[in-house]
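K.L.:
Top to bottom, those sequences are chains R and V.
Reading the first sequence from the start, the letters are residues 1 to 143 in our numbering.
Reading the second sequence from the start, the letters are residues 1001 to 1306 in our numbering.
Every residue, glycine too, gets a C-beta built ideally from N, C-alpha and C.
Quick one: structure below, then a few questions.
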Amino acid sequence: MLNVGKIEEGFVLDHIEAGKSLSIYHHLQLDKLDCMVAIIKNARSEKMGKKDILKVECDINTLDLDVLAFIDHNITINVIKDGELVDKKELTLPKEIKNIIKCKNPRCITSIEQELPHIFVLTDEENEIYRCKYCEEKYNGHF
Amino acid sequence: MPMRHLMNPLDFTVEELDSLFDLANDIEKYPARYAHACDGKKLATCFYEPSTRTRLSFESAMLSLGGQVLGFSDAGSSSASKGESVSDTIRVISCFADICAMRHPKEGAPMVAADKSSIPVINAGDGGHQHPTQTLTDLLTIRSLKGRLGHFTIGLCGDLKFGRTVHSLINALVRYPEIHFVFISPPELKVPDYITDMLTEKGISYEEVIRLEECMPDLDMLYMTRVQRERFFNEEDYVRLKDFYILNKAKMALAKDDMLVLHPLPRVNEISVEVDDDPRAVYFKQVQYGVYVRMALILTLLEITV
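Structure (structure tokens):
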């Protein structure tokens, strides 16, 4: 059994689908933060069989967690302060996501316009449908 | 009120469209009143791909309002050929003109321009995505000649699978009451499922038929479209289908006396020339309404009242 110590302040992202922790690490831009991050892969889970966990020690206001809902809204976010669990955050689908996914429509202006952000807008909350802000192409891929 | 652009025909509410169409009808009735409404104003027509008719319609609209026009008519004669972005181009154009009509082969390009622009931008067609002023033209033509938007049966005929104009018109018409749609196309070019799903969800009635003759007596309006050669993978399919839905005098004889025939033009051979003299053929009047609606749109976006 591998032991990873407690964190004083930050987040524990639990119930990440096994194998997705590294992509979440990049999308939360944790590589740009000067803080302690533990990436636990393939941890045993009664519910999921295998899961990933991310522990991030940082000021709880520094991370934009909206993107997590888009990636996987089953992730549990535990907010830690002074070594204690102080909050569990519910994930809601973000209304807009920027530069997380790319528009794959070759006829879209994003395919040629220099440094244009790839923005997707939530157009159907019930069916979790995102469309490119510019060409309205539906995002069909899985994250 | 913040500056407005026109990207999509649904950008305007039904009430706003009513005001726009009232203005267009007033322009039609009293053109002299509007002849100097845009004195000193300039329209930039930024056409990254050729579209002579749409560009000339915009230019005619601005000239009829007393304004002036400048612009380019293909990407080769613009700075785009040197690699300039749409964002940069519109910032430059904003210094030269008061309003811009933009056509671009890439979908969403006018929206990129609108985001960076300090003047109103009108989407004059972006690839296969939107062509809102065509839809406004269609709606104004129907409203002016039929006296109403709603309470009618409309047949849409031809390439319903790829036809941007048709999809856009359907989306605009579903906001009006009691419209029954009849989709007339070969099975290969039938209207996409997402449109029929949307109609079912909204409880709007529609039917799909193969032969134009079948439904002619029921129609209050017939919207014809061209079957485009470039939509087909091979020449054989194109040749087989292109003559499938030709409107001629014999088919017109089956229609109501007050049925209207619309077409976004250009026509190839889907409407026989012999139909042109029939008073029910209104596709050339439709072009004139295109100028009126663009005049009304320019005035509205520039917030000019007469």
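Measure from the C-beta of residue 112 of chain R to each C-beta in chain V and report whether the shortest distance is under 8 Å.
P.N.:
Output row for residue 112 of chain R: interface = yes.
K.L.:
For residue 1076 of chain V, go through chain R and note every residue whose CB falls closer than 9 Å to its CB, in chain order.
P.N.:
Near residue 1076 of chain V there are no residues of chain R at all, since even the closest Cβ is about 16 Å away, more than 9 Å.
K.L.:
Tell me whether the region 67-83 of chain R and the region 31-47 of chain R touch, counting them as touching only if at least three CB pairs, one residue from each stretch, are closer than 8 Å.
P.N.:
Verdict: no, contact absent.
K.L.:
How many angstroms separate the CA atom of residue 9 of chain R from the CA atom of residue 83 of chain R?
P.N.:
Roughly 6 Å separates the two Cα atoms.
K.L.:
Residue 81 of chain R by DSSP, collapsed to three states: which one?
P.N.:
Strand at residue 81 of chain R.
K.L.:
Return helix, strand or coil for residue 1129 of chain V, following the three-state DSSP convention.
P.N.:
In this structure, residue 1129 of chain V counts as coil in the three-state DSSP scheme.
K.L.:
Where do the N-terminal and C-terminal ends of the beta strand (DSSP E) with residue 1228 of chain V fall, by residue?
P.N.:
Segment: none, residue 1228 of chain V is in no beta strand (DSSP E) and carries neither H nor E.
K.L.:
Check whether chain R comes within 8 Å of residue 1249 of chain V, counting only Cβ atoms and requiring the distance to be less than that.
P.N.:
Chain R contact via Cβ: absent.
K.L.:
How is residue 35 of chain R classed by DSSP in three states: helix, strand or coil?
P.N.:
Looking at residue 35 of chain R - three-state DSSP - the assignment turns out to be coil, as it is neither helix nor strand.
K.L.:
Just to confirm my understanding: we take residue 1155 of chain V, look at its own chain, exclude 5 residues before and 5 after, and list those with CB closer than 6 Å. What are they?
P.N.:
Cβ within range, chain order: 1182, 1184, 1215, 1219 and 1222.
K.L.:
Using DSSP with H/G/I as helix, E/B as strand and the rest coil, what is residue 44 of chain R?
P.N.:
In this structure, residue 44 of chain R counts as strand in the three-state DSSP scheme.
K.L.:
Is the distance from the Cβ of residue 1211 of chain V to the Cβ of residue 1252 of chain V below 8 Å?
P.N.:
No, Cβ-Cβ distance for residue 1211 of chain V and residue 1252 of chain V is not below 8 Å.
K.L.:
May I ask you to verify whether the region 1112-1120 of chain V touches the region 1137-1145 of chain V, counting CB pairs closer than 8 Å and requiring at least 3?
P.N.:
Short answer: they don't touch.
K.L.:
For the region 1085-1108 of chain V, enumerate the residues whose C-beta is nearer than 8 Å to any C-beta of chain R, in chain order.
P.N.:
Taking 8 Å as the Cβ-Cβ cut-off against chain R, the residues of the region 1085-1108 of chain V that qualify are 1085, 1086, 1087, 1104, 1105, 1106, 1107 and 1108.
K.L.:
With residue 91 of chain R and residue 68 of chain R assumed to form a contact (beta carbons below 8 Å), what rounded beta-carbon distance in angstroms separates them?
P.N.:
Confirmed, Cβ separation roughly 6 Å.
K.L.:
From the DSSP secondary-structure annotation, give me the bridge partner or partners of residue 1156 of chain V.
P.N.:
Answer is V:1183 and V:1223, bridged to residue 1156 of chain V.
K.L.:
Chain V beta carbons: is any one of them nearer than 8 Å to that of residue 109 of chain R?
P.N.:
At least one chain V Cβ lies under 8 Å of residue 109 of chain R.
K.L.:
Grab me the residues of residue 135 of chain R's own chain with a C-beta within less than 6 Å of its C-beta, minus the 5 sequence neighbours each way, in chain order.
P.N.:
Within the same chain, residue 135 of chain R has close Cβ partners 105 and 108.
K.L.:
Using only the alpha-carbon positions, how far apart do residue 124 of chain R and residue 70 of chain R sit?
P.N.:
Cα to Cα, residue 124 of chain R sits roughly 13 Å from residue 70 of chain R.
K.L.:
Exposed or buried, residue 1032 of chain V, counting other C-beta atoms within 10 Å across all chains shown (16 or more means buried)?
P.N.:
Flag for residue 1032 of chain V reads exposed.
K.L.:
State the DSSP-derived secondary structure class of residue 1286 of chain V, mapped to helix, strand or coil.
P.N.:
Reduced to three states, the DSSP call for residue 1286 of chain V is helix.
K.L.:
Across the region 1038-1050 of chain V and the region 1282-1289 of chain V, are there enough close Cβ pairs to call them in contact, namely three or more that are closer than 8 Å?
P.N.:
As far as the Cβ criterion goes, the region 1038-1050 of chain V does not touch the region 1282-1289 of chain V, which means the pair count is below three.
K.L.:
Taking a Cβ distance cut-off of 9 Å, strictly less, list which residues of the region 112-136 of chain R are near chain V, in chain order.
P.N.:
Listed by position, the residues of the region 112-136 of chain R near chain V (Cβ gap below 9 Å) are 112, 113, 114, 115, 116, 132, 133, 134, 135 and 136.
K.L.:
Taking residue 98 of chain R as the reference, give the member of R:117, R:42, R:140 and R:65 with the closest Cα.
P.N.:
Nearest option by C-alpha distance: R:117.
K.L.:
Tell me which residues share the same chain as residue 1268 of chain V and place their Cβ nearer than 7 Å to its Cβ, disregarding the 5 neighbours each side in the sequence.
P.N.:
For residue 1268 of chain V, where only same-chain residues beyond five positions count, the Cβ hits under 7 Å are 1226.
K.L.:
Assuming contact is defined by CB atoms lying nearer than 8 Å, are residue 139 of chain R and residue 112 of chain R in contact in what I supplied?
P.N.:
Cβ distance not < 8 Å, so residue 139 of chain R and residue 112 of chain R don't count as in contact.
K.L.:
Our contact map puts residue 1065 of chain V next to residue 1295 of chain V with C-beta atoms below 8 Å; I'd like the distance itself, whole angstroms only.
P.N.:
At roughly 6 Å, the Cβ-Cβ gap stays under 8 Å, so residue 1065 of chain V and residue 1295 of chain V are in contact.
K.L.:
Give the range of the alpha helix (DSSP H) segment to which residue 1029 of chain V is assigned.
P.N.:
Segment 1014-1029, the alpha helix (DSSP H) holding residue 1029 of chain V.
K.L.:
List the residues of chain R that residue 1127 of chain V touches, going by C-beta distances under 7 Å, in chain order.
P.N.:
Correct list: 107.
K.L.:
Taking CB distances under 8 Å as the criterion, tell me whether residue 1001 of chain V reaches chain R.
P.N.:
So no, residue 1001 of chain V is outside the interface.
K.L.:
Would you list the one or two residues that DSSP bridges to residue 1047 of chain V?
P.N.:
Note: residue 1047 of chain V sits in a beta bridge opposite V:1103.
K.L.:
On the criterion of 16 or more Cβ atoms from any shown chain inside 10 Å, does residue 1178 of chain V qualify as buried, or is it exposed?
P.N.:
Label assigned to residue 1178 of chain V: exposed.
K.L.:
Count the other CB atoms within 10 Å of the CB of residue 1131 of chain V; is the residue buried (16 or more) or exposed (fewer)?
P.N.:
It counts as buried.
K.L.:
Along the beta strand (DSSP E) that carries residue 57 of chain R, what are the first and last residues, could you check?
P.N.:
Its beta strand (DSSP E) spans residues 49-57.
K.L.:
Is the region 51-61 of chain R in contact with the region 3-17 of chain R, if contact means three or more CB pairs nearer than 8 Å?
P.N.:
Yes, they touch.
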